[in-house]
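Notes to accompany the following structure.
Structure representation (structure tokens):
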């Protein structure tokens, strides 16, 4: 190991540094990076020789290559791997001497720089999803120690000042980019047979800390204020979304699901499901408590829509409800962003321009890539801006008072409102990601435990009038509430379903209400005080009877559906509807055609209940 040349050590340190980052998403780049470094070093050696041959004296400043056209980086790497790049060097004369084409060398260096920046972009993308980085304690190269100290500062700053992930990543990547000139300086020192660590320790370490401390202290107040507002915004948006989510889910269901298009469609779907289940108890609930039956069915449908089971058998937000939730979160955050952008565009209308001096002592370039720096700072009282912003927000953000109230920020120390707004807009993008990560932590209770859950909203919107016939229990067919108007139903149930029977024989009736009121017979019950009343005068009993208009027509028999139901459960209906004195009711002779109704005819007959 002691016999290794400085060049070999330098290459190993470079490769080890990348490997010790241990970022899974850039592992595939490690071998390429090591190969690039080999070419990088060799090209530097050539350039050093060229400079000597041409008597140029000072080396080219590789820190400022942006204005020089670059060759294709991938093409260069391919050629470099074949050691074929020297054949592409052109010859030309300068001061009467033939030398290698220095522009090609510059392009080569710039290609490597660009490739390195691509790797750093991968690092930046990866850092966006993590809070901390862990470097190998056994790293021998001094730059690791600097990075470790920087990360320590980042983490301390995050705990103390609640810095955003975006801010930490940008500062770190910015400093990482500026290490490229340090590599060049170190290589120059190597060519001069000096110790490159001395440059890093004595000069660059000091510059790195100046960059970090300078940018961190200058912007932390605006960062903190934006972070605080972001932290207030997330729970406020959660509350607002949960408040409006039931309505959104209801709207989506009514728009996309046929059974929620209208009362007849819902009625049909519920009755078809009841026929398939063939549960007498469910029919009893539907007949005696139709509003409860519909509500239970809608609630179960909404539950199935909103929640599903994961691989471990735990409930989670269903795919469609998940999309509804995410879209609503995105919509609300976009509204906030729009209000912020509008307020920023209107800043010139109510601000004064004040010249301020540059506050950075750093000699490194491109600092504004991570922290917006300007020679002209737009100053305005934060309270003035927040007042203007709230006025704009009320026009754009369709949110509850909870969300609007978070902008009542007091005693916030923000000098650069322009920068604060920029930071806050960027933080909102993080907010979207954070919210998406919490989607599956929601459960059905978050949807149900609101003033009006989705199943209640849907039932209120499409069930309409739910008054039921005092004779048979059929619900009014009106799709809206209609105070003061008669309740009607095109077809009624067989009377025996609700216990209507012959007083003498105790046999349940097969006739519909339309057939009964067309007869000359009488009826009596608790509402008539057990006095006989002619069917034709049923509306004289009380207000409930009076509110129903039942057409006297012997041709209006019960629908095929309810004939089939009665035929299926005649014995159960007889047992369920015992007379008041405890005498068991009897089943009628069920017509054979009632027993042999086909399923397709049963379901088809449901539609006539609303015609």
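Residue numbers (UniProt numbering): 1 to 611. All C-beta atoms, glycine included, are put in the ideal place defined by N, C-alpha and C.
Please report the Cβ distance between residue i and residue j, rounded to the nearest whole angstrom; I am assuming they are in contact, meaning their Cβ atoms lie under 8 Å.
{"i": "residue 340", "j": "residue 424", "result": "6 Å"}
{"i": "residue 474", "j": "residue 586", "result": "Contact flag wrong, Cβ pair sits at about 23 Å."}
{"i": "residue 346", "j": "residue 245", "result": "Not really, about 32 Å apart at Cβ, beyond 8 Å."}
{"i": "residue 291", "j": "residue 466", "result": "5 Å"}
{"i": "residue 477", "j": "residue 268", "result": "Going by Cβ atoms, the distance from residue 477 to residue 268 rounds to 13 Å, so no, they are not a contact pair."}
{"i": "residue 392", "j": "residue 459", "result": "With a Cβ gap of about 38 Å, residue 392 and residue 459 do not count as contacting."}
{"i": "residue 249", "j": "residue 306", "result": "7 Å"}
{"i": "residue 266", "j": "residue 462", "result": "6 Å"}
{"i": "residue 297", "j": "residue 270", "result": "5 Å"}
{"i": "residue 471", "j": "residue 513", "result": "5 Å"}
{"i": "residue 241", "j": "residue 332", "result": "7 Å"}
Using the Cβ count rule (16 or more neighbours within 10 Å means buried), how would you classify residue i?
{"i": "residue 620", "result": "Because the chain here runs from 1 to 611, residue 620 falls outside it and cannot be looked at."}
{"i": "residue 323", "result": "exposed"}
{"i": "residue 495", "result": "buried"}
{"i": "residue 222", "result": "buried"}
{"i": "residue 255", "result": "exposed"}
{"i": "residue 382", "result": "buried"}
{"i": "residue 263", "result": "buried"}
{"i": "residue 599", "result": "exposed"}
{"i": "residue 416", "result": "buried"}
{"i": "residue 530", "result": "exposed"}
{"i": "residue 601", "result": "exposed"}
{"i": "residue 224", "result": "buried"}
{"i": "residue 523", "result": "buried"}
{"i": "residue 480", "result": "exposed"}
{"i": "residue 259", "result": "buried"}
{"i": "residue 319", "result": "exposed"}
{"i": "residue 503", "result": "exposed"}
{"i": "residue 427", "result": "buried"}
{"i": "residue 325", "result": "buried"}
{"i": "residue 261", "result": "exposed"}
{"i": "residue 584", "result": "exposed"}
{"i": "residue 591", "result": "exposed"}
{"i": "residue 226", "result": "buried"}
{"i": "residue 414", "result": "buried"}
{"i": "residue 527", "result": "exposed"}
{"i": "residue 595", "result": "exposed"}
{"i": "residue 384", "result": "exposed"}
Helix or strand or just coil, what does DSSP make of residue i?
{"i": "residue 494", "result": "strand"}
{"i": "residue 525", "result": "coil"}
{"i": "residue 466", "result": "coil"}
{"i": "residue 414", "result": "coil"}
{"i": "residue 487", "result": "strand"}
{"i": "residue 557", "result": "coil"}
{"i": "residue 541", "result": "coil"}
{"i": "residue 586", "result": "strand"}
{"i": "residue 224", "result": "helix"}
{"i": "residue 598", "result": "coil"}
{"i": "residue 562", "result": "helix"}
{"i": "residue 507", "result": "strand"}
{"i": "residue 548", "result": "strand"}
{"i": "residue 336", "result": "helix"}
{"i": "residue 477", "result": "coil"}
{"i": "residue 455", "result": "helix"}
{"i": "residue 256", "result": "helix"}
{"i": "residue 352", "result": "Reliability of the predicted coordinates at residue 352 is poor, the pLDDT of 43 falling under 50, and no value is obtained from them."}
{"i": "residue 534", "result": "strand"}
{"i": "residue 359", "result": "Reliability fails at residue 359, whose pLDDT of 34 lies under 50, so the model's placement of it is uncertain and the value that follows must be treated cautiously. Coil."}
{"i": "residue 512", "result": "strand"}
{"i": "residue 605", "result": "helix"}
With hydrogens ignored, establish whether the beta-carbon of residue i is closer than 6 Å to any heavy atom of the ligand COA.
{"i": "residue 485", "result": "As presented, the structure is devoid of all ligands, the ligand COA included, so that no description of it is given."}
Between the stretch 487-505 and the stretch 565-581, do at least 3 Cβ pairs fall closer than 8 Å?
Contact between the stretch 487-505 and the stretch 565-581 is present, because at least three Cβ pairs lie under 8 Å.
Spell out a yes or no on whether the stretch 476-489 and the stretch 552-561 are touching, meaning 3 or more CB-CB pairs, one atom from each, closer than 8 Å.
Between the stretch 476-489 and the stretch 552-561 there are fewer than three C-beta pairs closer than 8 Å, too few to call the two in contact.
Would you check if the stretch 516-535 and the stretch 545-556 touch, i.e. whether three or more CB-CB distances between them fall below 8 Å?
Between the stretch 545-556 and the stretch 516-535 there are three or more inter-stretch CB-CB distances shorter than 8 Å, so the stretches are counted as touching.
Could you check whether the stretch 273-291 touches the stretch 451-458, counting it as contact only if at least three pairs of C-beta atoms, one from each stretch, sit closer than 8 Å?
No, because fewer than three Cβ pairs between the stretch 273-291 and the stretch 451-458 fall closer than 8 Å, the two stretches do not touch.
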